[in-house]
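Colleague: The numbering of the sequence shown is our numbering, which starts it at 53 and goes up by one. Every residue, glycine too, gets a C-beta built ideally from N, C-alpha and C. This structure is a prediction, so every number in the text was calculated from the model and none was measured.
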Amino acid sequence: MARIEDYALVGDLQTAALVGRDGSVDWLCLPQFDSPSCFAALLGSADHGRWRIAPAGAGDCTSRRYRPDTLVLETVWETDDGAVRLIDFMPPRDGVVDFVRIVEGLRGEVPLEMDLALRFDYGHVVPWVRRHGGVLQAIAGPDAAYLNTPVPLVGRDLRTRSSFTVKEGERVPFVLTWGPSHEEYAPRPDPEAALARTCAFWEEWTGRCTVTGPHREAVNRSLITLKALTFEPTGAFVAAPTTSLPETIGGVRNWDYRYCWLRDAALALQALLATGHTDEAAAWRDWLLRAVAGDPADLQIMYSITGRRRLPETTLEWLPGYEGTTPVRTGNAAAGQLQLDVWGEVLDGLALTRSSLRSRDDSWDLQLALVEYLEGIWDQPDNGLWEMRGPRQHFTHSKVMAWVAADRMVKGAEAGLPGPLARWREVRDAIRADVLAHGLDPTRTHFVQAYGSAELDAALLLLPRVGFLPYTDPRIVATVEAVQRELSVEGLLLRYRTESGADGLPDGEGVFLVCSFWLVSALVGIGRTEEASALFERLLGLANDVGLLSEEYDPHARRHLGNTPQAFSHFGLVNAALALHRGTPASDQPPASSH
53 MARIEDYALV
63 GDLQTAALVG
73 RDGSVDWLCL
83 PQFDSPSCFA
93 ALLGSADHGR
103 WRIAPAGAGD
113 CTSRRYRPDT
123 LVLETVWETD
133 DGAVRLIDFM
143 PPRDGVVDFV
153 RIVEGLRGEV
163 PLEMDLALRF
173 DYGHVVPWVR
183 RHGGVLQAIA
193 GPDAAYLNTP
203 VPLVGRDLRT
213 RSSFTVKEGE
223 RVPFVLTWGP
233 SHEEYAPRPD
243 PEAALARTCA
253 FWEEWTGRCT
263 VTGPHREAVN
273 RSLITLKALT
283 FEPTGAFVAA
293 PTTSLPETIG
303 GVRNWDYRYC
313 WLRDAALALQ
323 ALLATGHTDE
333 AAAWRDWLLR
343 AVAGDPADLQ
353 IMYSITGRRR
363 LPETTLEWLP
373 GYEGTTPVRT
383 GNAAAGQLQL
393 DVWGEVLDGL
403 ALTRSSLRSR
413 DDSWDLQLAL
423 VEYLEGIWDQ
433 PDNGLWEMRG
443 PRQHFTHSKV
453 MAWVAADRMV
463 KGAEAGLPGP
473 LARWREVRDA
483 IRADVLAHGL
493 DPTRTHFVQA
503 YGSAELDAAL
513 LLLPRVGFLP
523 YTDPRIVATV
533 EAVQRELSVE
543 GLLLRYRTES
553 GADGLPDGEG
563 VFLVCSFWLV
573 SALVGIGRTE
583 EASALFERLL
593 GLANDVGLLS
603 EEYDPHARRH
613 LGNTPQAFSH
623 FGLVNAALAL
633 HRGTPASDQP
643 PASSH
C-alpha cells in the first residue's frame, strides 16, 4: 500500500483528489470535500474505488512535479519502450465537476493500461454502468459519473478497463465528469483548452504573492495548497481533504478533517494576509459571520464548509482503513466541545481582517455579543485546542486566548469603536492575573499545559505571538527552552506527552509538524536564529517530493502520519519562513491605528 507521503493533490477549490506515485487516484469525494467518496482505495483496496492510468506492468513513476505556480500534476514514467507523461488536473469549477487526465507520449511507443473502479458512498455502492453516445455512464442513487475518452473501453469484474498505446508526440485525454443523476449529461469542453484555462488560473493567483527570499518556492507551494483547501463558494477552509488517516498505524486517533475549524482557518488567514492574498481573507470573514451567527453560547469550534453545525461522528464498518487502521470515521464529535481559545481566534481574526481589508466590516455587533458571553465563561475549564476527550481542565493556552479576545476588543474600543472599554480592560487584566498566578510551574520559571499540572504543551510557544508577553520575557524564554527539551523526539516536537492519558485516548502519536514550525518562529523570537534556520531546513526536507506535508511525522519509521495535506502544517511553514526572512516572528496583533 502507498505511504501517505506518496500522494499528491489536485483539486478545483470545491473538492480534491489524492493521486499516488503509481498513477492511481485513490481518494476523491464528489461533488465537494465533505461528500461521500467515489474513490476510497486510500482507506481500503482497489475494490473500494480507484482510477489508475500507467504503463503496462509499471509500478511507481520515475519522477513527478507540479507545473510551476500551478496545481497541475505531471507524472513521468521512463520504460524500456519509451517515456510518457500523465497530466492530472481539475479545472476551476464552472458548474460541473471535471477530472481531466492527459497521457502524453515523450519518447518511443509505450503500452498503457487504465483501470476505473467507481464506488460511490465511500466504496459501498457499485454503480450501474452503460455506454451512451460514446460516453461511459455510471449511475447509482443521486450520483452519476461520465467518462469521455477516445480509447476503447471494456467492462470486466465490475470495472472499466482499457489497453492502449501512446507514441511520441501523441496526447490521449480522459475526462471524468460528475453530476446529479437526475440531470442530463452535457458535452464537456476540449481537455486541452481546460488545461490552458487551469494553468492560467493558478498562474494568475500565484502572481499576487508578495513573498521574496530564499524560501519563496516552498512558501508558494504551501500557499497553493492552502488555496486548494478553500471551499470557494463559501470561503471556508478544510483542515485537510481526507478522513481517518491515522496518527499512529494501528491506533484509534483517526479523525475526519474535511471541515472548517475556526482556529485553523484564522491561522491560515494570517498566512494568506501576510503574503498578499486578501480576497481569501474577505471571503473567510464573510463565511465566519454567517457560520457563527446566532446565540454566542452556540459558538462551535468547527463547522461544515457550508456552515452546517451538526457533524455527527459515525464509523464506516465496511472500510478496513489505511493499513488496516480502524475505525474509519465520518463527522467529528469534537464539534460539540467547549474550547475557550476559539473566542480568541475568532476575535483576533476579525481584528486582523478589520486592520488589513479596506472593505466594509459589519462584524462589530457580533463581536460585542461574543465577548459579552466570554466574560461569563472564561474562568471555566475546557477541552483545550487539542480537543482533549478526557476531563476538562484549565488549559493555559485557552486562558491566554480568552485574554486575546478581551485585548482585541479593548484595542477596537481604543480606536473609536463603541463598547464598555473600562469593563473590557478589567476583564483583560483579570484573565492576565489568573494566568500569571496559575499557569506557571511551581518554580514560576515557565508556563505549563494546564493549571496545577507539570505537563508541557507546544501551544505555549504561541503566547508571545499573540502578545501576551514579549519574547524577551524570561518566562517565555524558559518556556521555549522547556518545550524544546521535554517535547522533542529526535529534534521534532510532540503536541504534548500522551502517556498520562489526560486526553482520554490510548498513548501514542507522531510528532506534530506545525509545532516544530512554531518552534522555528519562537527560536527566532528569542534570538536563536541560526538554530531556527537549521530546524526549518530540516522540516522542509520532510515534505514529500511535490512539497506536501501531512499532519504528523514518525521520526523513527521516517514516514508521514495523519490526514494530508494538512493546512495546519502548511500555514506553519509559511509563518516560519516569514519569521526567518524578516528576522522576527509575525505578530497577530493588529495595529490600533488601522482600525
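Any heavy atom of the ligand NAD within a distance shorter than 7 angstroms of the CB on R305?
Modeller: Absent from the structure shown: the ligand NAD. Ligands present: none.
Colleague: Looking at the unbroken alpha helix (DSSP H) that takes in H633, where does it start and where does it end?
Modeller: Taking the first residue of the sequence shown as position 1, residue 633 is located at position 581. Run containing H633: A619 to R634, per the alpha helix (DSSP H) assignment.
Colleague: Assuming N200 is part of the beta strand (DSSP E), what are its boundary residues?
Modeller: Residue 200 sits at position 148 when you count from the first residue of the sequence shown. Residues D195 to N200.
Colleague: What did DSSP end up calling R611 once you bin it into helix, strand or coil?
Modeller: On the sequence shown, position 559 is the one that residue 611 refers to. Strand at R611.
Colleague: Going by C-alpha to C-alpha distance, which of D347, L341, L368 and E369 sits closest to T358?
Modeller: Counted from its first residue, the sequence shown places residue 358 at position 306. The residue with the shortest Cα to Cα distance from T358 is L341.
Colleague: Using a threshold of 8 angstroms, state whether the C-beta atoms of T262 and N272 are closer than that.
Modeller: Indexing the sequence shown from 1 puts residue 262 at position 210. Indexing the sequence shown from 1 puts residue 272 at position 220. For T262 and N272, no; Cβs fall outside 8 angstroms.
Colleague: Among A69, L94 and D74, whose alpha-carbon lies nearest the alpha-carbon of L82?
Modeller: Walking along the sequence shown from the start, residue 82 turns up at place 30. The shortest C-alpha separation from L82 is found at A69.
Colleague: Grouping DSSP H, G and I as helix and E and B as strand, with all else coil, what is G63?
Modeller: In the sequence shown, counting from the first residue as 1, residue 63 sits at position 11. Looking at G63 - three-state DSSP - the assignment turns out to be strand.
Colleague: Which same chain residues end up closer than 6 angstroms to L107 when comparing Cβ atoms and leaving out the 5 residues on each side of it in sequence?
Modeller: As a first step, residue 107 must be located in the sequence shown, where it is residue number 55. According to the sequence provided, residue 107 is Pro. The question's Leu does not apply to it. Only W129, T131, V162 and L164 meet the Cβ criterion.
Colleague: For L667, list the residues DSSP reports as bridge partners.
Modeller: Here the chain covers residues 53 to 647 and nothing more, so residue 667 does not appear.
Colleague: With E244 and G157 assumed to form a contact (beta carbons below 8 angstroms), what rounded beta-carbon distance in angstroms separates them?
Modeller: Translated into the one-based positions of the sequence shown, residue 244 becomes position 192. Translated into the one-based positions of the sequence shown, residue 157 becomes position 105. No, E244 and G157 are not in contact; Cβ-Cβ is about 15 angstroms, not under 8 angstroms.
Colleague: Checking the sheet assignment: what are the DSSP bridge partners for W649?
Modeller: Here the chain comprises residues numbered 53 to 647, so residue 649 is not present and cannot be evaluated.
Colleague: Where do the ends of the alpha helix (DSSP H) carrying D140 lie?
Modeller: Here residue 140 refers to the residue found at position 88 when the sequence shown is read from its first residue. It is not in any alpha helix (DSSP H) - D140 instead sits in the beta strand (DSSP E) that spans G134 to F141.
Colleague: Alpha carbon to alpha carbon, how far is A93 from T294?
Modeller: The residue you call residue 93 lines up with position 41 of the sequence shown. The residue you call residue 294 lines up with position 242 of the sequence shown. Using only the alpha carbons, I get a separation of about 12 angstroms.
Colleague: Report the option in S97, E126, S407 and Q84 whose CA atom is closest to the CA atom of L371.
Modeller: In the sequence shown, residue 371 corresponds to position 319, counting from 1. That would be S97, whose Cα lies nearest to the Cα of L371.
Colleague: From Y355 to P379, what does the alpha carbon distance come to, in whole angstroms?
Modeller: On the sequence shown, residue 355 is found 303 positions in, with the first residue counted as 1. On the sequence shown, residue 379 is found 327 positions in, with the first residue counted as 1. Distance between the alpha carbons of Y355 and P379 is about 22 angstroms.
Colleague: Mapping the DSSP letters down to three states, classify H176 as helix, strand or coil.
Modeller: Counting from 1 along the sequence shown, the entry for residue 176 is found at position 124. DSSP places H176 in coil when its eight states are reduced to three.
Colleague: Within a Cβ cutoff of 8 angstroms, which residues of the same chain sit near E507, ignoring the five residues on either side of it in sequence?
Modeller: Residue numbering aside, residue 507 sits at position 455 when the sequence shown is read from its first letter. Same-chain partners within the cutoff: V500, Q501, Y548, R549, S552 and A554.
Colleague: How is Y503 classed by DSSP in three states: helix, strand or coil?
Modeller: What you label residue 503 is simply residue 451 of the sequence shown in a count that begins at 1. Here Y503 sits in coil by DSSP.
Colleague: Pick out whichever of L613, V626 and Q618 has its Cα sitting closest to the Cα of I56.
Modeller: The sequence position of residue 56 within the sequence shown is 4, counting from 1. Ranking the options by Cα distance to I56, first place goes to L613.
Colleague: Under DSSP, the beta strand (DSSP E) around F216 begins and ends at which residues?
Modeller: As a working note, residue 216 is residue 164 in the sequence shown. F216 -> beta strand (DSSP E) spans R211 to K219.
Colleague: Taking the Cβ atom as the reference point for each residue, do L228 and W79 lie within a distance shorter than 8 angstroms?
Modeller: For the purposes of this step, residue 228 is taken as the residue at position 176 of the sequence shown. For the purposes of this step, residue 79 is taken as the residue at position 27 of the sequence shown. The answer is no: Cβ separation not under 8 angstroms.
Colleague: Which first and last residues belong to the alpha helix (DSSP H) in which E244 is found?
Modeller: Taking the first residue of the sequence shown as 1, we reach residue 244 at position 192. Here the alpha helix (DSSP H) through E244 covers P243 to T258.
Colleague: So, at 8 angstroms on beta carbons, what are the nonlocal neighbours of A644 in its own chain, with the 5 sequence-adjacent residues on each side left out?
Modeller: As a working mapping, residue 644 is identified with position 592 in the sequence shown. Note that A644 scores a pLDDT of 38, beneath 50, so its modelled location is shaky; the value from the coordinates is reported in the next line. Correct list, in chain order: K463, E466 and A467.
Colleague: Can Q419 and M461 be called in contact, C-beta distance under 8 angstroms?
Modeller: Mapped onto the sequence shown, residue 419 falls at position 367. Mapped onto the sequence shown, residue 461 falls at position 409. Closer than 8 angstroms, so yes.
Colleague: Quick check: the Cα distance between S505 and K451, rounded to an integer number of angstroms?
Modeller: Counting from one through the sequence shown, the residue named residue 505 turns up at place 453. Counting from one through the sequence shown, the residue named residue 451 turns up at place 399. Roughly 15 angstroms separates the two Cα atoms.
Colleague: Starting from F91, trace the beta strand (DSSP E) in both directions and tell me its first and last residue.
Modeller: Looking up residue 91 in the sequence shown gives position 39. Here the beta strand (DSSP E) through F91 covers S89 to F91.
Colleague: Taking the straight line between their C-alpha atoms, what separation do you get for L404 and A457?
Modeller: To locate residue 404, count along the sequence shown from 1; it is residue 352. To locate residue 457, count along the sequence shown from 1; it is residue 405. In a straight line, the C-alpha of L404 is about 12 angstroms away from that of A457.
Colleague: Is T217 close to chain B, meaning its C-beta is less than 8 angstroms from at least one C-beta of that chain?
Modeller: No chain B appears in the structure shown, which is made up of a single protein chain.
Colleague: In whole angstroms, what is the alpha-carbon distance linking H647 and M440?
Modeller: Counted from its first residue, the sequence shown places residue 647 at position 595. Counted from its first residue, the sequence shown places residue 440 at position 388. The predicted model places H647 with a pLDDT of 28, which falls under 50 and marks its position as unreliable; any figure quoted below should be read in that light. The straight-line gap from Cα to Cα measures roughly 36 angstroms.
Colleague: What residue does the alpha helix (DSSP H) around I276 start on, and which one ends it?
Modeller: Indexing the sequence shown from 1 puts residue 276 at position 224. I276 -> alpha helix (DSSP H) spans R268 to A280.
Colleague: Use the C-beta contact count for D58: other C-beta atoms within 10 angstroms, 16 or more gives buried, fewer gives exposed.
Modeller: Here residue 58 is taken as the residue at index 6 of the sequence shown, counted from 1. Buried.
Colleague: For the beta strand (DSSP E) that Q432 lies in, which residues bound it at each end?
Modeller: Translated into positions along the sequence shown, residue 432 becomes position 380. First-last for Q432: undefined, no H or E at that position.
Colleague: Among M166, D606 and G635, whose alpha-carbon lies nearest the alpha-carbon of A110?
Modeller: As a working note, residue 110 is residue 58 in the sequence shown. Of M166, D606 and G635, the residue nearest in Cα terms is M166.
Colleague: Should the stretch 622-631 be called in touch with the stretch 566-577, which here means at least 3 C-beta pairs below 8 angstroms?
Modeller: The answer is yes - the stretch 566-577 touches the stretch 622-631, with three or more Cβ pairs under 8 angstroms.
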